[in-house]
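Everything on this sheet refers to the single structure shown next.
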Amino acid sequence: MQFPYFQFPVIGDPLIIELDAVLHVFISHGVAIGMVFMIVLAEYLGYKRKAEAWERLAWEAIKPTVIIITGIGAVTGVGIWFITAGLVPPAIGSMLRVFFWPWFIEWNVFFWEVVVILVYYFTWHRWQGARKASHVHLGFGYVALGSLSAFLITGILAFMLTSDGWPHNRSLWLAFFNPSFLSQLCWRLSIALAMGALFIILYISFFHDGAKAFRQQAVSYYAMILILPLIGMIATGWWWFDTIPPGFKAHAKPSILIWVFAENIRWFWVFHIGGGIILGLLILAALIRNVPAARVLIIPSTLVVLFAVAEYERVREFIRGPYLMPGYMYANEIMLTEHELFTKEGMLPNAYWFKRMAPTATLEQEGAFLFAQNCGTCHTIGGKNDIRDRFAGRTERGIYVILGRTEQMVPWMPPFSGTDEERSKMSHFLDQLVAHKLELEEPSRYPSAEQGGTD
Amino acid sequence: MESLHDLTLPVPLPEGLQRGLLFGTFTLHLLFVLLMLGTAILALSYFIHAWWHGHLDGLSWAKQVLRFFLAHKSLAVVLGVGPLLLIQVAFTIPFFTAIVLLAPFWLLIIGFLVVSFVSFDSLGHRIYTHRYLHLVFGTVAMTTLLCVPGFFVAVLVAVENPHRWMDIFNTGFAFDWRLTVHWIFRYLHVLGAALVFGGAFHYFFVARHYPRYRASLLRWMLLGLLLQVVLGIALYWSLLQEVPPVVYAYLSVGISLTAVMIWVVATAMGSRGPLNHTAVIPLLLALLTSMLLTRQEFQDRAVSPLLAQLKQATARYAAELQPYEKTALADYRDRMNTVYNTGPIIYSQSCAFCHGEDARGNGPDAKFLHVPPEDISAIRAQRSYVMTILDNGVPGSAMPGFTYFERQQRERVAGYLNKTYDIFSLPGRLPAQVSSQVRQKAQAEWDETCSRCHGKDGTGNQTSAKFRPPPPNLTEYSLTPQRIRHVIENGYPGTMMSSYSSLGDQEIDALADRVVSFRLHSSSTSAKSSPAGGPEPNE
Numbered sequence: 001m002q003f004p005y006f007q008f009p010v011i012g013d014p015l016i017i018e019l020d021a022v023l024h025v026f027i028s029h030g031v032a033i034g035m036v037f038m039i040v041l042a043e044y045l046g047y048k049r050k051a052e053a054w055e056r057l058a059w060e061a062i063k064p065t066v067i068i069i070t071g072i073g074a075v076t077g078v079g080i081w082f083i084t085a086g087l088v089p090p091a092i093g094s095m096l097r098v099f100f101w102p103w104f105i106e107w108n109v110f111f112w113e114v115v116v117i118l119v120y121y122f123t124w125h126r127w128q129g130a131r132k133a134s135h136v137h138l139g140f141g142y143v144a145l146g147s148l149s150a151f152l153i154t155g156i157l158a159f160m161l162t163s164d165g166w167p168h169n170r171s172l173w174l175a176f177f178n179p180s181f182l183s184q185l186c187w188r189l190s191i192a193l194a195m196g197a198l199f200i201i202l203y204i205s206f207f208h209d210g211a212k213a214f215r216q217q218a219v220s221y222y223a224m225i226l227i228l229p230l231i232g233m234i235a236t237g238w239w240w241f242d243t244i245p246p247g248f249k250a251h252a253k254p255s256i257l258i259w260v261f262a263e264n265i266r267w268f269w270v271f272h273i274g275g276g277i278i279l280g281l282l283i284l285a286a287l288i289r290n291v292p293a294a295r296v297l298i299i300p301s302t303l304v305v306l307f308a309v310a311e312y313e314r315v316r317e318f319i320r321g322p323y324l325m326p327g328y329m330y331a332n333e334i335m336l337t338e339h340e341l342f343t344k345e346g347m348l349p350n351a352y353w354f355k356r357m358a359p360t361a362t363l364e365q366e367g368a369f370l371f372a373q374n375c376g377t378c379h380t381i382g383g384k385n386d387i388r389d390r391f392a393g394r395t396e397r398g399i400y401v402i403l404g405r406t407e408q409m410v411p412w413m414p415p416f417s418g419t420d421e422e423r424s425k426m427s428h429f430l431d432q433l434v435a436h437k438l439e440l441e442e443p444s445r446y447p448s449a450e451q452g453g454t455d
Numbered sequence: 001m002e003s004l005h006d007l008t009l010p011v012p013l014p015e016g017l018q019r020g021l022l023f024g025t026f027t028l029h030l031l032f033v034l035l036m037l038g039t040a041i042l043a044l045s046y047f048i049h050a051w052w053h054g055h056l057d058g059l060s061w062a063k064q065v066l067r068f069f070l071a072h073k074s075l076a077v078v079l080g081v082g083p084l085l086l087i088q089v090a091f092t093i094p095f096f097t098a099i100v101l102l103a104p105f106w107l108l109i110i111g112f113l114v115v116s117f118v119s120f121d122s123l124g125h126r127i128y129t130h131r132y133l134h135l136v137f138g139t140v141a142m143t144t145l146l147c148v149p150g151f152f153v154a155v156l157v158a159v160e161n162p163h164r165w166m167d168i169f170n171t172g173f174a175f176d177w178r179l180t181v182h183w184i185f186r187y188l189h190v191l192g193a194a195l196v197f198g199g200a201f202h203y204f205f206v207a208r209h210y211p212r213y214r215a216s217l218l219r220w221m222l223l224g225l226l227l228q229v230v231l232g233i234a235l236y237w238s239l240l241q242e243v244p245p246v247v248y249a250y251l252s253v254g255i256s257l258t259a260v261m262i263w264v265v266a267t268a269m270g271s272r273g274p275l276n277h278t279a280v281i282p283l284l285l286a287l288l289t290s291m292l293l294t295r296q297e298f299q300d301r302a303v304s305p306l307l308a309q310l311k312q313a314t315a316r317y318a319a320e321l322q323p324y325e326k327t328a329l330a331d332y333r334d335r336m337n338t339v340y341n342t343g344p345i346i347y348s349q350s351c352a353f354c355h356g357e358d359a360r361g362n363g364p365d366a367k368f369l370h371v372p373p374e375d376i377s378a379i380r381a382q383r384s385y386v387m388t389i390l391d392n393g394v395p396g397s398a399m400p401g402f403t404y405f406e407r408q409q410r411e412r413v414a415g416y417l418n419k420t421y422d423i424f425s426l427p428g429r430l431p432a433q434v435s436s437q438v439r440q441k442a443q444a445e446w447d448e449t450c451s452r453c454h455g456k457d458g459t460g461n462q463t464s465a466k467f468r469p470p471p472p473n474l475t476e477y478s479l480t481p482q483r484i485r486h487v488i489e490n491g492y493p494g495t496m497m498s499s500y501s502s503l504g505d506q507e508i509d510a511l512a513d514r515v516v517s518f519r520l521h522s523s524s525t526s527a528k529s530s531p532a533g534g535p536e537p538n539e
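Residue numbers (this note's numbering), protein chains in the order written: chain A, 1 to 455; chain B, 1 to 539.
Here is the structure:
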């Protein structure tokens with residue numbers, strides 16, 4: 001209400017944030033930490049064993065890696081910020097105020113990360129011979145900075161799930177070092193190394209034109225490295241899940257039980273165990289140095305791990321359910337205290353933008369505004385998570401009752417904020433919408449009233 | 001609460017520090033943005049020029065210029081994060097409002113940057129691809145890249161004009177002509193600066209090994225500087241605010257420095273002597289600072305009254321919310337302690353507000369509904385039928401589908417209800433004895449009246465299936481005979497089922513018995529046809 005409203009068309013706000021964020025995780029973890037680690041390792045082996053082939057692999061792989069990190073990784077990272085700023089300003093604005101200093105420090109780390117990777121890349125040929133050791137150290141330094149970035153961001157992300165004592169005492173230390181922080185950090189480092197190993201095997205088997213014997217050696221070397229982070233993924237994933245409050249844990253299954261999983265949990269296990277078998281076969285093929293077999297298995301194996309990462313992020317974002325900042329702000333960006341205020345005094349009298357935009361608001365306009373503020377963060381009209389589908393078949397009175405009980409009925413939904421009269425206006429609006437008596441594509445564009453808008 | 005207010009969480013650093021850090025980081029960011037833009041424009045034009053004239057040497061120079069794009073753009077991005085962070089805490093309302101008002105363009109920035117960065121870097125680091133391909137990639141990269149400062153400048157223009165926010169909103173993400181003219185000149189002003197800074201960078205750091213391109217870089221710089229003069233005048237003319245005296249001071253510094261720069265560059269071009277970097281670089285940085293100080297002054301003047309107002313309104317709003325904090329936190333704690341994992345808990349949270357804690361259809365919200373919630377304790381139905389209702393709801397009533405709960409959870413609820421109320425058992429029979437005459441009369445009534453909707457066999461028909469809510473399939477879904485009797489006598493409000501109290505007690509008894517028999521009969525035939533069809537599984 002302190003900001004005008006905009007909803008991302010068709011796919012809605014959460015999915016666009018998810019898509020950008022997951023792509024960013026693939027790159028920031030898998031490429032920036034994982035792949036660079038594997039490249040520096042190759043460079044180190046080339047230097048230590050005086051093996052030209054390892055050195056060549058490292059140099060060839062670093063080019064696309066740097067382009068992807070700085071061109072896509074950095075931009076999608078800033079992109080999360082851009083998207084949230086445009087779609088959910090009170091949310092990102094509040095998070096920034098709580099975590100300003102961690103974020104500020106992270107920005108400094110990020111700056112040095114970029115400087116180090118650029119120096120590492122541009123000095124490759126100049127720092128040969130005696131300076132090679134320093135160059136390798138610089139590479140490992142970059143991986144360390146990347147991990148430090150992960151450390152700083154994980155504190156903030158974990159807070160969104162386990163805010164611990166913060167709502168009561170507003171302590172930054174408790175908020176940052178919250179119960180799910182450490183396990184999540186370990187998970188993130190595990191997936192970074194797992195993705196890194198997979199990416200470099202992918203690179204060697206498809207793009208590297210080194211000698212056959214070397215490719216066999218390199219693939220089996222990286223497959224050996226892959227084993228540890230894969231075990232780490234399972235162990236830390238389990239540990240992380242254990243740190244989540246039971247109230248949230250109960251939503252874990254619904255969050256991933258989509259598509260075929262929803263009606264038959266067996267499919268869930270088929271997918272996951274099947275994924276594990278594919279990874280096992282890849283490691284086996286690589287260890288016996290069968291590059292053609294590894295080449296066949298590497299794409300499905302990479303997809304399995306990327307899927308697992310996306311699944312984890314989905315669960316993590318979904319199960320915090322009704323909250324954006326547990327104990328402080330609901331997922332629809334309404335503060336817990338504001339909810340109480342609006343229930344008593346109404347949302348419309350507190351709506352700065354709405355009142356100035358439509359001084360002679362019609363019932364539909366009021367309903368549309370209430371819908372946008374209460375539901376628009378997750379529900380679209382005619383797009384993903386379509387509100388028309390959700391209420392298809394319900395009567396207006398039925399909608400009214402359900403609106404009053406959303407948070408109770410659906411454990412991951414926030415409550416309706418507003419007076420009974422406003423709830424009634426919004427149910428009328430939704431009833432009209434569901435019955436197609438009212439057509440409205442975007443809740444950010446309220447139905448126009450001829451006389452509305454100007455005064 | 002009438003006025004606009006800020007977020008209620010406090011800003012974590014003092015105002016002076018916010019402003020200072022913001023100015024410093026923004027200056028650094030802009031420096032690298034200008035270098036990035038300059039590098040891109042120069043590289044592409046050198047490429048086209050060399051290609052046009054068939055100079056192989058020119059291509060290698062163009063690649064040399066473009067190689068620096070990777071570093072310039074990376075530093076521009078990372079240095080942009082600092083000011084982005086700071087502006088969001090220092091100018092929360094103006095900045096977010098501007099972004100939301102221009103949201104579609106703001107979001108496009110991400111896609112445009114990715115396309116442009118990946119294309120340019122691929123070209124710069126793997127040259128001698130096919131030239132047409134190079135041209136296409138380069139053009140796409142250039143176009144997308146040139147849009148980005150346009151979007152950023154638009155956001156800043158919106159930040160600086162709070163009194164026009166409502167106009168921008170009402171015109172649908174668009175500026176009026178005055179804002180548009182101002183925006184275009186500012187945007188072009190940035191591009192002019194990019195030519196000067198990009199030209200200088202490559203002159204000093206890259207052309208050392210390609211001295212024959214120094215003259216051309218000087219020409220680019222001169223072009224940029226002259227553009228700055230022309231665009232500066234246009235920008236001044238298009239200003240939307242009153243110009244404060246301090247701005248004249250910044251402007252005169254900027255104008256003098258520009259004049260000096262033009263003189264220095266022109267002299268270097270005439271004498272062909274090299275530029276002195278120890279003199280020119282500080283001069284350029286001073287020029288950039290004076291330009292940004294002017295901008296900052298305009299922004300501060302435009303939004304400071306609003307920020308002062310916001311401070312007061314925020315304090316008021318926080319005080320208004322304060323009394324609710326205790327209740328809110330108590331609710332939060334309760335909610336975190338409610339775990340939706342057992343039948344009774346899910347029922348009491350998600351069903352009981354309509355159906356009642358004792359499942360008799362008398363929950364606290366039942367009073368709002370035209371179609372009253374069913375008395376679940378009276379249901380005597382097939383398990384699969386009940387599950388279908390839980391999955392899909394009942395159209396034309398308040399009863400929604402519950403597929404957002406996984407199957408196991410829905411089954412737990414159904415199992416709990418069966419355990420408590422025997423809903424999957426068969427309906428009993430009424431104790432009352434009914435004569436065969438009444439029974440025949442009831443059968444006639446059924447055939448004549450009831451079957452029009454319920455069908456002769458109790459399964460309904462095509463017409464009644466379209467009712468909202470439709471009648472249930474009585475062979476699969478039944479009720480206790482007492483409840484059926486009640487429905488016949490009183491009707492089911494909000495549905496097509498009206499009251500038949502005129503029939504008389506005995507006939508109603510007989511009809512209730514007739515209804516029960518549909519389910520009893522179908523159950524006995526299905527039990528016969530499948531030996532495993534006995535009692536349904538319980539949870």
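Beta carbons: idealized from backbone N, C-alpha and C, even for Gly.
What is the rounded straight-line gap between the Cα of residue i and the Cα of residue j?
| i | j | result |
| --- | --- | --- |
| Leu157(A) | Leu324(A) | 11 Å |
| Ser183(A) | Gly393(B) | 40 Å |
| Leu303(A) | His130(B) | 32 Å |
| Ile127(B) | Ala141(B) | The pLDDT assigned to Ile127(B) is 47, lower than 50, so where the model puts this residue is not dependable, and the model offers no usable value. |
| Ile76(A) | Glu52(A) | Reading the sequence as shown, one finds Thr at residue 76(A) and not Ile. Approximately 35 Å, taken between the alpha carbons. |
| Leu57(A) | Glu311(A) | 32 Å |
| Val81(B) | Val89(B) | 13 Å |
Would residue i count as contacting chain B if we go by Cβ distances under 8 Å?
| i | result |
| --- | --- |
| Leu440(A) | no |
| Arg97(A) | yes |
| Glu450(A) | The predicted position of Glu450(A) is uncertain, since its pLDDT is 41 and thus under 50; no value can be drawn from it. |
| Gln2(A) | yes |
| Gln128(A) | no |
Step through the CB atoms of chain A and report whether any lies within less than 8 Å of the CB of residue i.
| i | result |
| --- | --- |
| Pro10(B) | yes |
| Gly16(B) | no |
| Gly82(B) | yes |
| Leu101(B) | yes |
| Thr459(B) | no |
| Arg383(B) | no |
| Ser74(B) | yes |
| Val555(B) | No answer is possible for residue 555(B): the residues shown for chain B start at 1 and end at 539. |
Please identify the residue among the options whose C-alpha is closest to the C-alpha of residue i.
| i | options | result |
| --- | --- | --- |
| Ser122(B) | Gly138(B), Val253(B) and Glu242(B) | Gly138(B) |
| Asp20(A) | Arg49(A), Ile69(A), Ile83(A) and Arg56(A) | Ile83(A) |
| Leu218(B) | Arg407(B), Phe152(B) and Gly199(B) | Gly199(B) |
| Val78(B) | Gln309(B), Pro481(B), Val265(B) and Leu30(B) | Leu30(B) |
| Gly38(B) | Lys367(B), Ala71(B) and Gln88(B) | Ala71(B) |
| Pro14(B) | Arg97(A), Lys50(A) and Ile27(A) | Arg97(A) |
| Thr342(B) | Arg407(B), Arg383(B) and Ala398(B) | Arg407(B) |
Enumerate, from N- to C-terminal direction, the unbroken beta strand (DSSP E) stretches of 3 or more residues contained entirely within the stretch 392-439 of chain A.
none
If you scan the stretch 259-292 of chain A from start to end, which runs of the alpha helix (DSSP H) of 4 or more residues do you find wholly inside it?
265-287
Taking a Cβ distance cut-off of 7 Å, strictly less, list which residues of the stretch 341-361 of chain B are near chain A, in chain order.
Asn341, Gln349, Ser350, Phe353 and Cys354
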